[in-house]
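Each residue of the sequence shown is one higher than the one before, counting from -8 in the working numbering. Working notes, beginning with the structure itself.
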Amino acid sequence: MLTAQNISYYKDFDKNLNIETIDNVEFKTYKKTINDGLNTFNYWFKIDDFKSKNNYIQFKNAHITNAIAYQSNLPIKTEEFERHTTFKITNPETVYIKVNITKEAYIPIKVSTTTNFQYNEKKQILFTGFYYGFALVILLINLFYFLNFRDYTFLYYSCFLLTITIALFISDGLLNLLGVTQTMIDFIETSDHFLVSVTALIFATSYLQIENYYPKLKYLSLVLVIIIGILSVCYVANFNFKYFIYLETLVFIVCLIYIIAAGFLFKRNNFSKIFLLAYSFILVLGFCYYVSKLYGFSICEITSNQVKIGGIIEMLVLSYAVVYRTKALKIENKEIRNAIVNYIKEINELSKTVNKQTVKKTIKNRKTLLSFRETEIMQLIAKGQTNKEIALTLHISENTVKYHVKNIYTKLNIKSRKEIPVIINK
């Protein structure tokens, strides 16, 4: 809520104005949030006609860290341990603020009375605490599922969720609130956004079983992640913000690649459809909240709270999707296992009525079509082991077990599960 009727600004392209000369320029009325992209020059703000004596002026962008306010030509110190750059005003005289932009020129200003400021901050901290508490619960639930089902997809999603949560934690200015230095914040933010791309790649690859459908896609993603890593190192080395913009764009592209892959897999299974819905939703919010501001345009104005609400929906949908996927795969694996066991019984019955030599010759011919690993899996299935037990015995994942079973279909050109040729060591 604005408590000053007149807020105006001036762009100091040459960075040569000071508090003594700023009155000689013509200010423009501040009508909406400034969103100029990568424009690294000074912005001067003039705020007057306050409606009360005690007020707060806050720039709600964690990347705005270099600002100084003046009142009666005297500097005003920024408030310590605030989430964003904040000034406390104790008299209604005109205030001038110089903002030195070193990152994106996205400058939202909030002017409010002391009472309103304190109330809104408490309300915001309460909602923020609820969001991070909810994210922690979802993370722990997924870790529990991982320990219970031994499905690494739950672990990968937990890591992905953690990196996304840390990114929001930083953009909320909570590291500023904790007194962390700006250099350390930049390092943590860059490292975390790199890890977002890594965890997004690993989670999406595992969840969508990309290896089974588009095995070469991992090479493209890996190249992009390596480039993101190089850009991260370059940015931390000299803090040239252009490197940060490039890496943010590539992080978005990595996530977009798997959205497209999920679209191609849309008709193959239901859990790909759920992934496409949830991933697309959070990707659009992330683009509007992070990426578009770096380039100085905005499809729609997205607030931190709206991103959090979207994040809660995404957590619920994706967590359900991972559980649904695990159950669907278990049902499918059980059906395949039962069909194989039944077929083994049929083979045993058949062997009693046909020439043993013919059976041995048939088995030998079929055996040459299958790999050693596939033969091992067939033998363990014949012993009554579940896919989970087979995975533990052979030290591979359940998805790998399923992958080998499907290879048998392809190699032997089987149309029905009852026709699966099972190779048993004899």
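Cβ coordinates follow ideal geometry from the N, Cα and C atoms, glycine included.
Start-to-end residues for the alpha helix (DSSP H) that takes in residue i
i: Ser103; result: Looking at the DSSP string, Ser103 is not in any alpha helix (DSSP H); the run it does join, the beta strand (DSSP E), is 100 to 104.
i: Thr81; result: No alpha helix (DSSP H) contains Thr81, which DSSP labels as neither H nor E.
i: Tyr249; result: 232 to 255
i: Asn203; result: 201 to 204
Assigned exposure category for residue i - 16 Cβ within 10 Å defines buried
i: Glu305; result: buried
i: Val128; result: exposed
i: Phe121; result: exposed
i: Ile80; result: buried
i: Ser212; result: buried
i: Pro412; result: Note that Pro412 scores 47 on pLDDT, short of 50, meaning its location in the model is unreliable; the coordinates nonetheless yield the value given after this. Pro412 should be labelled buried.
i: Ala228; result: exposed
i: Tyr422; result: Shown here, the chain extends from -8 to 417; a query on residue 422 therefore has no answer.
i: Ser63; result: exposed
i: Gly124; result: exposed
i: Ile322; result: exposed
i: Phe135; result: exposed
i: Leu166; result: buried
i: Gly301; result: buried
i: Lys299; result: buried
i: Leu426; result: Since the first residue shown for the chain is -8 and the last is 417, residue 426 is missing from the structure and cannot be characterised.
i: Lys22; result: exposed
i: His386; result: exposed
i: Asp5; result: exposed
i: Ala126; result: buried
i: Glu441; result: Nothing in the structure corresponds to residue 441, since the chain is present only between -8 and 417.
i: Phe257; result: exposed
i: Val224; result: exposed
i: Leu138; result: exposed
i: Tyr175; result: According to the sequence displayed, residue 175 carries Met and not Tyr. Exposed is the call here.
i: Ile251; result: exposed
Reduced DSSP secondary structure (H/G/I, E/B, other) of residue i
i: Thr172; result: coil
i: Ser(-1); result: strand
i: Val214; result: helix
i: Lys284; result: helix
i: Ala195; result: helix
i: Ile415; result: Low per-residue confidence applies at Ile415: pLDDT is 45, beneath 50, and the placement is therefore not dependable enough to give any value.
i: Asn9; result: coil
i: Asp27; result: coil
i: Ala58; result: strand
i: Leu117; result: helix
i: Asn398; result: helix
i: Lys333; result: A small fix is needed here, since residue 333 is Asn in this sequence, not Lys. Three-state result, Asn333: helix.
i: Ile290; result: coil
i: Lys94; result: coil
i: Lys209; result: helix
i: Lys321; result: helix
i: Lys358; result: Per-residue confidence for Lys358 stands at a pLDDT of 49, beneath the threshold of 50, marking its modelled position as unreliable; no derived number is given.
i: Lys393; result: helix
i: Lys19; result: strand
i: Ser188; result: helix
i: Ser223; result: helix
i: Lys299; result: helix
i: Phe135; result: helix
i: Asn52; result: coil
i: Ser310; result: helix
i: Ser182; result: helix
Opening and closing residue of the beta strand (DSSP E) in which residue i lies
i: Leu65; result: 65 to 67
i: Lys37; result: 33 to 41
i: Phe160; result: Per DSSP, Phe160 belongs to no beta strand (DSSP E); it is in the alpha helix (DSSP H), 143 to 162.
i: Asn378; result: Taken as a continuous stretch (DSSP letters only), Asn378 belongs to no beta strand (DSSP E), being part of the alpha helix (DSSP H) at 378 to 385.
i: Tyr270; result: Looking at the DSSP string, Tyr270 is not in any beta strand (DSSP E); the run it does join, the alpha helix (DSSP H), is 261 to 277.
i: Tyr87; result: 86 to 91
i: Phe72; result: It is not in any beta strand (DSSP E) - Phe72 carries neither H nor E in the DSSP assignment.
i: Asn45; result: Taken as a continuous stretch (DSSP letters only), Asn45 belongs to no beta strand (DSSP E), as it is neither H nor E.
Whole-Å CB distance - residue i paired with residue j, under 8 Å assumed
i: Ile217; j: Leu208; result: With a Cβ gap of about 15 Å, Ile217 and Leu208 do not count as contacting.
i: Phe36; j: Ile100; result: 7 Å
i: Ile25; j: Ala96; result: 6 Å
i: Thr422; j: Thr144; result: Summary: the structure shown does not reach residue 422, with the chain confined to residues -8 through 417, and so no result is reported for it.
i: Arg74; j: Gly170; result: Not a contact, Cβ separation roughly 12 Å.
i: Lys2; j: Phe32; result: 6 Å
i: Val86; j: Ala60; result: 6 Å
i: Ile327; j: Val396; result: 6 Å
i: Tyr34; j: Lys19; result: With 8 Å as the limit, Tyr34 and Lys19 do not qualify as a contact, their Cβ atoms being about 11 Å apart.
i: Tyr249; j: Ile193; result: With a Cβ gap of about 11 Å, Tyr249 and Ile193 do not count as contacting.
i: Ile219; j: Ser188; result: 5 Å
i: Leu215; j: Ile244; result: 7 Å
Indicate whether the contact test is met: 3 or more Cβ pairs, each with one atom in the region 273 to 289 and one in the region 104 to 111, closer than 8 Å.
Pairwise C-beta distances place the region 273 to 289 out of contact with the region 104 to 111, as fewer than three of them are shorter than 8 Å.
Any contact between the region 43 to 51 and the region 2 to 19? By contact I mean 3 or more CB pairs, one from each, below 8 Å.
Below 8 Å, too few C-beta pairs join the region 43 to 51 and the region 2 to 19 to call them touching: fewer than three.
Assess, as a yes-or-no matter, whether the region 261 to 272 is touched by the region 310 to 317 under the definition of 3 or more beta carbon pairs within less than 8 Å.
Yes, since at least three Cβ pairs between the region 310 to 317 and the region 261 to 272 fall closer than 8 Å, the two stretches touch.
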